[in-house]
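S.K.: When we follow the numbering used here, the leftmost residue of the sequence shown carries the number 234, and every step to the right adds one. Where is the CB? At the ideal position from N, CA and C, for every residue including glycine. Fair warning: this is a prediction, and the values are worked out from it, not measured in the lab.
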Amino acid sequence: MNIVVIGTGYVGTTTALVLAEMGWNVTGLDRDENKVNLLRQGSLPFYEEGLEELLKKHLQSGRIRFTNDTEQAVKDTDVIFICVGTPSHPDGNADLRYVQQVSSDIGRYMDNYKLIVNKSTVPVGTQERVTEWIRNAQLVPHSFDVVSNPEFLREGKALSDAMNPDRIIIGADNEHASKLLQALYYSLDCPVVITTPRTAELVKYAANAFLATKISYMNELAKLCDRLDINVKEVAEGIGLDSRIGPGFLQAGIGYGGSCFPKDVSALLQTANKHGSNLTLLEQVISVNRAQHLHLLDKVRTRLGSFEGKKAAVLGLAFKPDTDDIREAPALRIIRALLDEGALVSVHDPVAKLPSDLNRSAVLCASPEQALIGADAVILCTEWSSYPLLDWKRVKQSMNQPNVFDGRNLLDAKLMTALGYYYQGIGYC
Ligand SMILES: NC(=O)c1ccc[n+]([C@@H]2O[C@H](COP(=O)([O-])OP(=O)(O)OC[C@H]3O[C@@H](n4cnc5c(N)ncnc54)[C@H](O)[C@@H]3O)[C@@H](O)[C@H]2O)c1
Ligand SMILES: O=c1ccn([C@@H]2O[C@H](COP(=O)(O)OP(=O)(O)O[C@H]3O[C@H](CO)[C@@H](O)[C@H](O)[C@H]3O)[C@@H](O)[C@H]2O)c(=O)[nH]1
234 MNIVVIGTGY
244 VGTTTALVLA
254 EMGWNVTGLD
264 RDENKVNLLR
274 QGSLPFYEEG
284 LEELLKKHLQ
294 SGRIRFTNDT
304 EQAVKDTDVI
314 FICVGTPSHP
324 DGNADLRYVQ
334 QVSSDIGRYM
344 DNYKLIVNKS
354 TVPVGTQERV
364 TEWIRNAQLV
374 PHSFDVVSNP
384 EFLREGKALS
394 DAMNPDRIII
404 GADNEHASKL
414 LQALYYSLDC
424 PVVITTPRTA
434 ELVKYAANAF
444 LATKISYMNE
454 LAKLCDRLDI
464 NVKEVAEGIG
474 LDSRIGPGFL
484 QAGIGYGGSC
494 FPKDVSALLQ
504 TANKHGSNLT
514 LLEQVISVNR
524 AQHLHLLDKV
534 RTRLGSFEGK
544 KAAVLGLAFK
554 PDTDDIREAP
564 ALRIIRALLD
574 EGALVSVHDP
584 VAKLPSDLNR
594 SAVLCASPEQ
604 ALIGADAVIL
614 CTEWSSYPLL
624 DWKRVKQSMN
634 QPNVFDGRNL
644 LDAKLMTALG
654 YYYQGIGYC
């Protein structure tokens with residue numbers, strides 16, 4: 234069986250490699266020639282542990298290839314996975330232009346039956362729209378099925394999440410299509426939920442919105458903990474041991490970012506609004522998240538007085554560790570606020586780079602030690618595992634004032650205080 238995966242971003246590349254690892258012949262298709270060339274040479278267009286080795290392995294085994302020839306790729310295949318981006322419109326609705334474009338391409342070029350599997354995160358009703366877009370673009374009628382099969386991988390853990398999923402959701406409107414997809418996934422050992430396409434589409438948004446709600450809840454609780462002198466990490470441990478709550482996604486911090494939670498929570502709200510339903514809880518989840526970085530900045534301001542002329546060393550740019558993705562990263566909000574208030578900002582991240590609009594106003598340093606020289610405050614924004622290993626005793630000598638504001642509650646508060654730092658986390662840590 235030949236499979237084409239359209240879109241070679243995080244989801245497409247990971248999906249293509251996992252399918253190749255299962256033994257299928259896979260073609261990765263992207264309209265971005267640079268990405269296709271990089272992948273052909275065995276390099277990833279983004280940072281993700283473990284994927285490059287698998288890419289090299291399957292380029293060699295011949296089970297994976299990359300192309301930007303849509304017509305040929307569609308004609309040569311039996312199964313097509315759609316993994317293109319679904320960014321936000323300014324009003325929060327999902328922008329489906331890439332999904333529409335690939336659907337039209339599929340319709341135009343198909344010459345026999347195809348199973349089309351949508352892995353992009355799309356609003357309820359999109360499976361029906363994709364079906365219509367394909368049908369409208371067909372020059373000669375051919376049969377096809379469109380199945381909704383949302384993806385749940387996390388950046389930084391893409392490979393292990395895709396190889397060992399908690400569940401597979403298959404939203405199909407006929408048994409033939411759902412059986413075909415189940416056969417493709419034969420080697421994955423996890424529960425499979427067979428449902429309608431619309432339910433599958435909602436499951437994806439509902440999962441992300443629920444996880445975002447857990448985070449905003451802990452972030453609000455952390456502010457209360459700061460007033461009560463209670464450690465929010467201990468509260469998280471205490472409630473997380475309740476099997477009905479679970480320990481995951483209870484880490485308070487400077488808010489969630491990334492290419493998924495912010496856009497998906499907004500898109501779900503838009504869906505609710507369009508259908509006359511209120512999801513007021515989610516409105517609060519968003520507003521808590523938008524303001525969460527300000528809580529840390531207030532702590533810095535209280536300590537330093539004003540930011541004018543002060544030097545802040547920001548550790549971590551990426552929206553989470555083990556990725557170079559800076560989309561909606563809380564660190565960027567913090568850097569922009571510091572610069573607006575006259576601070577000098579030095580930044581370190583093991584892999585992420587500054588966006589072009591901050592390239593001149595903030596300084597990206599090659600090491601955390603370099604970023605800390607002359608600093609009045611360290612502001613830790615991403616919990617990279619290398620930061621606790623820094624020689625904090627030594628680097629203190631190079632700072633102007635030994636202040637550490639830990640936006641991810643990563644460092645050991647007692648140790649930092651014993652070393653002579655003024656240390657503040659989120660939620661009396
Ligand atoms: N990033 C994640 O961790 C993640 C996890 C689960 C689900 N998702 C969802 O999966 C989808 C893809 O996310 P991503 O992060 O991989 O996106 P991405 O933006 O990193 O990659 C999308 C790719 O699609 C390509 N593309 C767009 N239009 C095309 C066309 N007409 N023909 C060929 N290629 C085309 C782009 O060039 C790009 O390389 C989104 O809907 C996202 O919400 C993402
Ligand atoms: O307890 C926590 C857990 C996470 N975060 C933050 O939440 C954001 C998202 O983290 P995470 O969910 O680990 O990363 P993503 O790669 O964005 O993955 C989410 O979004 C993907 C795209 O839809 C889904 O596939 C995944 O299941 C879902 O976890 C990051 O900024 C984290 O710092 C917290 O603040 N506290």
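For the beta strand (DSSP E) that T432 lies in, which residues bound it at each end?
M.R.: Note, T432: premise wrong, no beta strand (DSSP E); alpha helix (DSSP H) at P430 to L461.
S.K.: Can you tell me whether K268 sits near ligand 1, meaning its C-beta is under 7 Å from at least one heavy atom of the ligand?
M.R.: K268 Cβ: within cutoff of ligand 1.
S.K.: With burial defined as no fewer than 16 other Cβ atoms inside 10 Å of the residue's Cβ, what is the status of Q274: buried or exposed?
M.R.: exposed
S.K.: How many angstroms separate the CA atom of V468 from the CA atom of C423?
M.R.: 32 Å
S.K.: Go through the segment 535 to 574 residue by residue and report every complete run of the beta strand (DSSP E) that reaches 3 residues or more, in order.
M.R.: 544 to 548
S.K.: Counting pairs of beta carbons, one from the segment 256 to 265 and one from the segment 288 to 300, are three or more of them closer than 8 Å?
M.R.: yes
S.K.: Given a cut-off of 8 Å on the beta-carbon distance, is the pair I659 and G486 in contact?
M.R.: yes
S.K.: Cβ-heavy atom distance between E282 and ligand 3 below 7 Å?
M.R.: In the structure on display, ligand 3 does not appear, and the ligands it does have are ligand 1 and ligand 2.
S.K.: For the candidate residues S539, S353, A416 and N506, whose alpha-carbon lies nearest to that of G575?
M.R.: S539
S.K.: For ligand 2, I want to know if C493 counts as a neighbour, meaning its beta carbon is within less than 7 Å of at least one of the ligand's heavy atoms.
M.R.: yes
S.K.: Okay, do the segment 504 to 522 and the segment 532 to 547 touch, 3+ Cβ pairs below 8 Å being the bar?
M.R.: no
S.K.: Any heavy atom of ligand 2 closer than 7 Å to the CB of N441?
M.R.: yes
S.K.: Could you tell me the boundaries of the beta strand (DSSP E) in which S579 lies?
M.R.: L577 to H581
S.K.: Since I believe N636 is in contact with R536 (beta carbons under 8 Å), could you give me their beta-carbon distance rounded to a whole number of angstroms?
M.R.: 6 Å
S.K.: Assuming R298 is part of the beta strand (DSSP E), what are its boundary residues?
M.R.: I297 to T300
S.K.: Which class does L512 belong to by DSSP, given the choice of helix, strand or coil?
M.R.: coil
S.K.: At a cut-off of 7 Å, would you count I239 as near ligand 1, judging by its Cβ distance to the nearest heavy atom?
M.R.: yes
S.K.: Pull up the CB-CB distance for A500 and S321, whole angstroms please, since I reckon it's below 8 Å.
M.R.: 7 Å
S.K.: DSSP has G261 in a bridge; who is on the other side?
M.R.: V238 and F299
S.K.: Excluding the 5 residues preceding and the 5 following M255 in the sequence, name in chain order all residues of the same chain whose CB lies nearer than 6 Å to its CB.
M.R.: S420
S.K.: Compare the beta carbon distance of G307 and M343 with 8 Å and say whether it is the shorter of the two.
M.R.: Note on identity: in this sequence residue 307 is Val, with Gly being the wrong assignment. Contact flag set, yes.
S.K.: Within the same chain, show all residues whose beta-carbon is closer than 8 Å to that of Y620, passing over the 5 residues directly before and after it, in chain order.
M.R.: L548, G549, P601, L613, L643 and L644
S.K.: How about F385 and D399: are their beta carbons less than 8 Å apart?
M.R.: yes
S.K.: Under three-state DSSP, which class holds F279?
M.R.: coil
S.K.: Within its chain, find whatever has a CB closer than 6 Å to the CB of Y655; leave out the 5 residues flanking it on each side and keep chain order.
M.R.: N636
S.K.: Using alpha carbons as the reference points, say which of A391, H528 and V578 lies closest to E541.
M.R.: Nearest C-alpha to E541: V578.
S.K.: Using a threshold of 7 Å, is the CB atom of C316 nearer than that to any non-hydrogen atom of ligand 1?
M.R.: yes
S.K.: Since S381 and A416 should fall inside the 8 Å C-beta cutoff, what is the C-beta to C-beta distance between them, to a whole number of angstroms?
M.R.: Wrong, their Cβ atoms sit about 17 Å apart, outside the cutoff.
S.K.: For ligand 2, I want to know if R560 counts as a neighbour, meaning its beta carbon is within less than 7 Å of at least one of the ligand's heavy atoms.
M.R.: no
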